[in-house]
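Take the sequence shown: its position 50, counting from 1, is numbered 36 in our numbering, and each next residue is one higher.
For every residue, glycine included, the Cβ atom is placed at its ideal position computed from N, Cα and C.
Have a look at the structure below, then the notes.
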Amino acid sequence: MLSLFAQSELSDLIEKVEKGERLDYEAGVRMMDSQDILALGYMANLVRERKNGNKTYFMVNNPLDHTNFSTDRTNATMLYGDIETTEERIDHLILLRAIQDRIEGFLTFSPLPADSEKTQVEGTMGVGSTTGMEDLKVLAVSRILLDNIDHIKAFWMMLGHKLAQVSLAFGVDDLDGTVVEGTGTSDAISKRALIHMIQKAGRDAVERDTLYRVLKPI
-13 MLSLFAQSEL SDLIEKVEKG ERLDYEAGVR MMDSQDILAL GYMANLVRER KNGNKTYFMV
47 NNPLDHTNFS TDRTNATMLY GDIETTEERI DHLILLRAIQ DRIEGFLTFS PLPADSEKTQ
107 VEGTMGVGST TGMEDLKVLA VSRILLDNID HIKAFWMMLG HKLAQVSLAF GVDDLDGTVV
167 EGTGTSDAIS KRALIHMIQK AGRDAVERDT LYRVLKPI
């Protein structure tokens, strides 16, 4: 364990994650209630890099390409914000993990902020309902607990560019949203810009299809 976390309230959980041990419901509640965001990021990054190395995946949106949309695996999600308790969040994650143990039906997991006003503003993931701290905590705890789901996905246009970069150190290995080959627009980002954003965060950008098959080296 890094000396930085020797006195952390989560030090016992850090040791378990370092050993590759699975954490239980009580540990999940402790992590979600903890303010030690650095320890959460450290644990989430351990799991992330064990599963995906330094890769960060993305997919270019091509409305004319319908060749890669056949799969029996799907994406799991969870709404969070002002609509549930900490215990309910962890219940949701533990249930998803149990289902995945049985059927291996989930390819990715993506937590989504609940926004009662149906408004999305870049850089405020869950307008009026969540903070950047909470967003990173939910992503990190999801990555730590969902050790049997390959990918944790975040939406760059909801996090904002800078927090999306930070999320890559908190368990996220896939940045989703509208990505286009040419020039970006107000609701899209260019492929070149997204690659640059990922690389500046110290990650390897990997273009994928819907099954996470690598399309081309970058």
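- Three-state secondary structure assigned by DSSP to residue 43: Position 57 of the sequence shown, counted from the start, is the residue given in the question as residue 43. In the structure shown, residue 43 sits in a strand (DSSP, three-state: E or B).
- Message: I'd like to know whether the C-beta atoms of residue 119 and residue 23 end up nearer to each other than 8 Å.
- Response: As a first step, residue 119 must be located in the sequence shown, where it is residue number 133. As a first step, residue 23 must be located in the sequence shown, where it is residue number 37. Yes.
- Query: How about residue 130 and residue 33: do their beta carbons lie closer than 8 Å?
  - Reply: Numbered from its first residue, the sequence shown carries residue 130 at position 144. Numbered from its first residue, the sequence shown carries residue 33 at position 47. Going by C-beta atoms, residue 130 is nearer than 8 Å to residue 33.
- Item | Among 89, 135, 197 and 12, the one whose alpha carbon lies nearest that of residue 37 | Within the sequence shown, numbered from 1, the residue matching residue 37 stands at position 51. The option with the nearest alpha carbon to residue 37 is 135.
- Message: With DSSP as the reference, identify every bridge partner of residue 64, one or two as the case may be.
- Response: Here residue 64 corresponds to residue number 78 of the sequence shown, with the count starting at 1. According to DSSP, which records beta bridges pairwise, residue 64 is partnered with 97.
- Does the stretch 11 to 21 touch the stretch 66 to 79, meaning 3 or more C-beta pairs lie closer than 8 Å? At 8 Å Cβ cutoff, the stretches touch.
- Do residue 158 and residue 125 come within 8 Å of each other at the CB atom, strictly closer than that value? As a first step, residue 125 must be located in the sequence shown, where it is residue number 139. As a first step, residue 158 must be located in the sequence shown, where it is residue number 172. Yes, they are a contact pair.
- Just tell me which of 7, 87 and 128 has its CA closest to the CA of residue 18. The residue given as residue 18 occupies position 32 in the sequence shown. Among 7, 87 and 128, the Cα nearest to that of residue 18 is on 128.
- Could you tell me if residue -3 is buried or exposed, where buried requires 16 or more neighbouring beta carbons within 10 angstroms of its beta carbon? As a first step, residue -3 must be located in the sequence shown, where it is residue number 11. Burial call: exposed.
- Measuring CA to CA, which of 123, -6 and 98 is closest to residue 66? If you number the sequence shown from 1, residue 66 lands on position 80. Closest option to residue 66, Cα to Cα, is 98.
- If we ignore side chains and look at the alpha-carbon of each, how far apart do residue 10 and residue 182 end up? Position 24 of the sequence shown holds residue 10. Position 196 of the sequence shown holds residue 182. Approximately 37 Å, taken between the alpha carbons.
- Task: Leaving out five residues on either side along the sequence, give the residues of the same chain with a beta carbon under 8 Å from the beta carbon of residue 42.
- Result: Residue numbering aside, residue 42 sits at position 56 when the sequence shown is read from its first letter. Result list for residue 42: 154, 158, 159, 160, 161, 184, 187, 189, 190, 191 and 192, in chain order.
- With 16 other Cβ atoms within 10 Å as the buried cut-off, status of residue 26: By one-based count along the sequence shown, residue 26 stands at place 40. Counting Cβ neighbours within 10 Å, residue 26 comes out buried, since at least 16 surround it.
- Query: Alpha carbon to alpha carbon, what distance is there between residue 132 and residue 91?
  - Reply: Numbered from 1 along the sequence shown, position 105 holds the residue referred to as residue 91. Numbered from 1 along the sequence shown, position 146 holds the residue referred to as residue 132. When rounded, the distance between both Cα atoms is 13 Å.
- Item | residue 51, buried or exposed, once every other Cβ within 10 Å from all chains shown has been counted against 16 | As a working note, residue 51 is residue 65 in the sequence shown. With a pLDDT of only 47 at residue 51, under the threshold of 50, the placement of this residue in the model should not be trusted, and no figure is reported.
- Item | Close Cβ partners of residue 116 (< 6 Å) along its chain, the five nearest in sequence each way excluded | What you label residue 116 is simply residue 130 of the sequence shown in a count that begins at 1. Closer than 6 Å at the Cβ level, and outside the excluded window around residue 116, lie 67 and 99.
- Sequence-distant residues of the same chain with beta carbon closer than 6 Å to residue 122, five excluded per side: Locating residue 122 in the sequence shown gives position 136, where the first residue counts as 1. Within the same chain, residue 122 has close Cβ partners 156.
- Query: Just the Cα atoms here: how many angstroms apart are residue 143 and residue 163?
  - Reply: Residue 143 sits at position 157 when you count from the first residue of the sequence shown. Residue 163 sits at position 177 when you count from the first residue of the sequence shown. A straight-line Cα-Cα distance of about 6 Å links residue 143 and residue 163.
- Message: Can you tell me where the alpha helix (DSSP H) holding residue 162 begins and where it ends?
- Response: In the sequence shown, the residue the question calls residue 162 occupies position 176. Careful: residue 162 lies outside any alpha helix (DSSP H), inside the beta strand (DSSP E) at 160 to 162.
- Message: Taking the beta carbon of residue 60 as the centre, do at least 16 other beta carbons fall within 10 Å, making it buried, or is it exposed?
- Response: Working through the sequence shown from its first residue, we reach residue 60 at position 74. Exposed, because fewer than 16 other Cβ atoms sit within 10 Å of the Cβ of residue 60.
- Message: Would residue 96 and residue 148 qualify as a contact pair, given that the criterion is a beta-carbon distance under 8 Å?
- Response: In the sequence shown, counting from the first residue as 1, residue 96 sits at position 110. In the sequence shown, counting from the first residue as 1, residue 148 sits at position 162. By the CB criterion at 8 Å, residue 96 and residue 148 fall outside the cutoff.
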